[in-house]
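In the numbering used here, the protein residues as written are 7 to 335.
Glycine is no exception: its CB is placed at the ideal position from the N, C-alpha and C atoms.
What follows is a set of notes on a single structure, which appears directly below.
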Ligand code: P6P
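Pasting the structure below:
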């Protein structure tokens, strides 16, 4: 029984974190503090996004490791999360989409690693479309007293101790799991607090919505093309915002499937395993859904590089099973 059901809607995030910590007698409070640090950065980034003036909107003028134009808010969000995690003291090393190499915080005795996409979908900011932060949290494998290692950061998704996302939408929401279900919190800017609004979130086993960029359909694997044809035969609705966190969140609430498959041009697709696929896969599974590369479970994948990409099919369990059938015909 998830004890979130014991906590009423309206419980603050801080109270919720403390309550959950009580369930773990040996908890030291470090993960609780780390979650608070993430929530703090989320509040600051939410304010920056809603402000969106000439200092924050538009291109930064450089490209990130992915060769993508950095938006000013990409850089701002990256700095804000790194600063919050460094000052919070619970994280020794960070993997960020915006940084080619590992970021060592100086907290050499801290036991956690964070892999994050500080602001996914940032090219949508200028047109006021929702964006999101995605994060996964791991325990370091190396001994304390030194910088985190590459091995610490290249752990399988099953090793995540927590994962979540912040959706900067009509309202700002923080959704996370520590492996005991998924809970959603809505931010009230006038009070500066996140409040429990979606306790014990479960994704419906099936839905009638699919999210993909159909412009690429001719490059999709045949199995995916056939599944897409099936969706149209079933008269499902196409819903593609172009912002992964927003599409994922809608499918989590209503049921549905998002897929960014590999293609003939790009076998591993566009999304990154460490800080986009793994955290959302952990959440999807904790909510009763699935996440695969079309066939195999995302969380079982053995990362080999910090920024490696991976095809992603994620959402309602029965829909993911159907894709697997088409992919293995
Ligand atoms: P495309 C945003 O850049 C992102 O990483 C996801 O948020 C989004 O779902 C996808 O890429 C959109 O990619 O190729 O369809 O524009």
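Residue i, buried or exposed, once every other Cβ within 10 Å from all chains shown has been counted against 16
i: residue 151; result: exposed
i: residue 31; result: exposed
i: residue 111; result: buried
i: residue 161; result: buried
i: residue 69; result: exposed
i: residue 309; result: buried
i: residue 239; result: exposed
i: residue 61; result: exposed
i: residue 322; result: buried
i: residue 271; result: exposed
i: residue 71; result: exposed
i: residue 107; result: exposed
i: residue 7; result: Since pLDDT at residue 7 reaches only 44, below the 50 mark, its modelled position is unreliable, and the value read off the structure follows with that caveat. Under this definition residue 7 is an exposed residue.
i: residue 184; result: buried
i: residue 298; result: buried
i: residue 256; result: buried
i: residue 197; result: exposed
i: residue 158; result: buried
i: residue 93; result: exposed
i: residue 12; result: exposed
i: residue 90; result: buried
i: residue 134; result: exposed
i: residue 241; result: exposed
Any non-hydrogen atom of the ligand P6P within 7 Å of residue i CB
i: residue 266; result: yes
i: residue 126; result: yes
i: residue 277; result: yes
i: residue 250; result: yes
i: residue 306; result: no
i: residue 302; result: no
i: residue 219; result: yes
i: residue 225; result: no
i: residue 253; result: yes
Residue range of the alpha helix (DSSP H) that includes residue i
i: residue 241; result: No alpha helix (DSSP H) contains residue 241, which DSSP labels as neither H nor E.
i: residue 289; result: 284 to 292
i: residue 50; result: 36 to 57
i: residue 81; result: 78 to 94
i: residue 324; result: 323 to 333
Distance CB(residue i)-CB(residue j) smaller than 8 Å
i: residue 169; j: residue 267; result: no
i: residue 4; j: residue 80; result: Here the chain comprises residues numbered 7 to 335, so residue 4 is not present and cannot be evaluated.
i: residue 243; j: residue 273; result: no
i: residue 172; j: residue 55; result: no
i: residue 320; j: residue 293; result: no
i: residue 315; j: residue 278; result: yes
i: residue 40; j: residue 101; result: no
i: residue 192; j: residue 154; result: no
i: residue 281; j: residue 121; result: yes
i: residue 283; j: residue 246; result: no
i: residue 116; j: residue 142; result: no
i: residue 225; j: residue 177; result: no
i: residue 324; j: residue 212; result: yes
i: residue 17; j: residue 201; result: yes
i: residue 187; j: residue 252; result: no
i: residue 335; j: residue 229; result: yes
Beta strand (DSSP E) segment containing residue i, residue limits
i: residue 250; result: Element bounds for residue 250: not the beta strand (DSSP E) but the alpha helix (DSSP H), 250 to 260.
i: residue 263; result: 263 to 266
i: residue 316; result: Looking at the DSSP string, residue 316 is not in any beta strand (DSSP E), and its letter there is neither H nor E.
i: residue 28; result: Note, residue 28: premise wrong, no beta strand (DSSP E); alpha helix (DSSP H) at 19 to 28.
i: residue 158; result: Taken as a continuous stretch (DSSP letters only), residue 158 belongs to no beta strand (DSSP E), being part of the alpha helix (DSSP H) at 156 to 159.
i: residue 134; result: Here residue 134 belongs to no beta strand (DSSP E), and DSSP marks it neither H nor E.
i: residue 122; result: 118 to 126
i: residue 99; result: 97 to 102
i: residue 189; result: 188 to 194
i: residue 171; result: 166 to 174
i: residue 68; result: 65 to 69
i: residue 207; result: Run containing residue 207: none; DSSP gives neither H nor E here.
i: residue 216; result: 215 to 217
i: residue 296; result: 296 to 298
Assumed close pair residue i, residue j - CB separation to whole angstroms, cut-off 8 Å
i: residue 300; j: residue 333; result: 5 Å
i: residue 48; j: residue 137; result: Wrong, their Cβ atoms sit about 12 Å apart, outside the cutoff.
i: residue 149; j: residue 249; result: With a Cβ gap of about 39 Å, residue 149 and residue 249 do not count as contacting.
i: residue 15; j: residue 203; result: 6 Å
i: residue 179; j: residue 258; result: Rounded, the Cβ-Cβ distance is 11 Å, inconsistent with contact.
i: residue 317; j: residue 262; result: Their Cβ separation, rounded to whole angstroms, is 18 Å, which puts residue 317 and residue 262 out of contact at 8 Å.
i: residue 23; j: residue 53; result: In fact, because the Cβ distance is near 21 Å, the residues do not count as touching under 8 Å.
i: residue 119; j: residue 146; result: 6 Å
i: residue 182; j: residue 166; result: Between residue 166 and residue 182 the Cβ distance is about 11 Å, and since that is not below 8 Å, they are no contact.
i: residue 123; j: residue 105; result: Wrong, their Cβ atoms sit about 11 Å apart, outside the cutoff.
i: residue 78; j: residue 66; result: 5 Å
i: residue 312; j: residue 287; result: At roughly 17 Å, the Cβ-Cβ gap does not stay under 8 Å, so residue 312 and residue 287 are not in contact.
i: residue 233; j: residue 328; result: 6 Å
Residue i beta carbon near the ligand FMN (any heavy atom closer than 7 Å)
i: residue 129; result: Among the ligands present in this structure, namely the ligand P6P, the ligand FMN is not found.
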